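Chains as they are written, first to last, in the working numbering: chain A, 1 to 139; chain B, 1 to 134.
Report on the structure given below.
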């Protein structure tokens with residue numbers, strides 16, 4: 001194992017900021033900031049559709065503000081294989097809905113609530129994620 | 001008020017994702033590449049977010065209602081079942097194959113690129129398929 005590109009400070013600060021968003025959404029609206037839930041509810045349910053949409057729009061405004069006030073270069077390095085991206089998107093969409101959450105819903109909100117279910121889910125998706133990266137790297 | 005809270009929460013969330021570089025798929029893949037070139041940063045993102053939010057989840061447990069809504073909407077479901085394991089496993093495979101999960105994927109729309117669009121379109125299709133499956 002080689003540790004590279006490790007940025008603990010900016011990661012922690014970013015995490016604290018995400019935590020503040022989670023707190024505001026929770027004490028203000030009484031909801032958990034699980035992005036897969038918010039996005040799929042926006043798509044499939046009429047209830048609170050505008051609220052959900054506004055949260056998603058906010059997610060897009062965040063990086064724009066970052067690029068205006070902090071640094072206009074936001075690194076974004078992704079595979080150029082559209083079939084892989086479509087495969088990945090489908091699995092993320094189906095998986096997060098069948099499993100009831102993603103990195104934010106289970107990984108942050110769920111663990112923050114000490115939900116055993118979310119701890120289990122987070123360990124599962126990190127493990128299959130590690131397995132996938134190892135397999136793809138081995139090919 | 002709910003609408004303003006939703007928008008501001010989303011903005012802060014997206015800003016935090018960018019500060020921590022989680023909007024970069026390569027950074028996320030680095031976290032999952034534990035046997036290769038490992039970048040443990042994502043652990044610190046989760047730690048920061050959990051340390052800030054956990055006390056509030058705990059403190060508001062006994063409160064009956066949030067500031068601007070009639071009640072809390074917290075999932076009641078507690079069981080660890082095959083759906084949870086299968087769903088989370090599939091999500092992990094998808095996450096590990098490109099390095100995008102729902103939050104960063106949507107935030108990365110700010111970078112105006114076709115990859116994010118294709119990912120989000122197929123993720124939304126996945127949401128619909130899951131709804132049909134259920």
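We put the beta carbon where it would ideally sit given N, CA and C, even for glycine.
None of the values given here were measured: they were computed from a predicted structure.
Residue i: first and last residue of the uninterrupted alpha helix (DSSP H) it sits in
| i | result |
| --- | --- |
| residue 99/A | Taken as a continuous stretch (DSSP letters only), residue 99/A belongs to no alpha helix (DSSP H), as it is neither H nor E. |
| residue 54/B | 41-59 |
| residue 116/B | 114-133 |
| residue 98/B | 82-98 |
| residue 44/A | 35-44 |
| residue 4/A | Unbroken run through residue 4/A: none, as it is neither H nor E. |
| residue 69/B | Taken as a continuous stretch (DSSP letters only), residue 69/B belongs to no alpha helix (DSSP H), as it is neither H nor E. |
| residue 65/A | 49-69 |
| residue 6/B | 2-19 |
| residue 105/B | 102-107 |
| residue 30/B | 25-32 |
C-beta atoms of residue i and residue j nearer than 8 Å
| i | j | result |
| --- | --- | --- |
| residue 141/B | residue 90/A | Because chain B here runs from 1 to 134, residue 141/B falls outside it and cannot be looked at. |
| residue 66/B | residue 28/A | yes |
| residue 101/A | residue 131/A | no |
| residue 15/B | residue 17/A | yes |
| residue 97/B | residue 76/A | no |
| residue 13/B | residue 87/B | no |
| residue 9/B | residue 56/A | no |
| residue 23/B | residue 83/A | no |
| residue 15/A | residue 20/B | yes |
| residue 31/B | residue 1/A | no |
| residue 69/A | residue 44/B | no |
| residue 128/A | residue 93/B | yes |
| residue 100/B | residue 94/A | no |
| residue 74/A | residue 115/B | no |
| residue 91/B | residue 99/A | yes |
| residue 92/A | residue 33/B | no |
| residue 120/B | residue 112/B | no |
| residue 22/A | residue 107/B | no |
| residue 41/B | residue 30/A | no |
| residue 54/A | residue 3/B | yes |
| residue 19/A | residue 50/B | yes |
| residue 5/B | residue 116/A | no |
| residue 205/B | residue 123/A | Nothing can be reported for residue 205/B: it is not among the residues displayed for chain B, which extend from 1 to 134. |
Interface residues of chain B facing residue i [CB-CB closer than 8 Å]
| i | result |
| --- | --- |
| residue 57/A | 7, 10 |
Residue-chain proximity (residue i, chain D), Cβ-Cβ < 8 Å
| i | result |
| --- | --- |
| residue 5/A | Any reference to chain D falls outside this structure, whose protein chains are A and B. |
Residue i beta carbon near the ligand FAD (any heavy atom closer than 7 Å)
| i | result |
| --- | --- |
| residue 19/B | No copy of the ligand FAD occurs in the structure displayed, which carries no ligand at all. |
Beta-carbon neighbours of residue i, restricted to chain A and to distances below 7 Å
| i | result |
| --- | --- |
| residue 88/B | 95, 99, 121, 124, 125 |
| residue 18/B | 62, 63, 66, 74 |
| residue 98/B | 78, 79, 84, 85, 88 |
| residue 23/B | 63, 74, 76 |
| residue 67/B | 27, 28 |
| residue 109/B | 60 |
| residue 112/B | Within chain A, no residue comes near residue 112/B; the closest Cβ sits about 10 Å away, beyond 7 Å. |
Per-residue contacts from residue i into chain A (C-beta, under 8 Å)
| i | result |
| --- | --- |
| residue 47/B | 12, 15 |
| residue 62/B | Per Cβ cutoff of 8 Å: no residues; residue 62/B is ~13 Å from chain A at best. |
| residue 125/B | 89, 90, 93 |
| residue 42/B | 11 |
Residue i: contacting residues in chain B (beta-carbon distance under 7 Å)
| i | result |
| --- | --- |
| residue 31/A | 73 |
Chain B residues whose Cβ lies nearer than 9 Å to that of residue i
| i | result |
| --- | --- |
| residue 49/A | In chain order: nothing, as chain B lies at least about 11 Å away. |
Chain A residues whose Cβ lies nearer than 9 Å to that of residue i
| i | result |
| --- | --- |
| residue 129/B | 90, 93, 94, 97 |
Quick one: which residues of the region 5-19 of chain A get their C-beta closer than 9 Å to a C-beta of chain B? List them in chain order.
5, 6, 7, 8, 9, 10, 11, 12, 13, 14, 15, 16, 17, 18, 19
Residues of the region 25-38 of chain B in Cβ contact with chain A at a cutoff of 9 Å, in chain order, please.
25, 26, 27, 28, 29, 30, 31, 32, 33, 34, 35, 36, 37, 38
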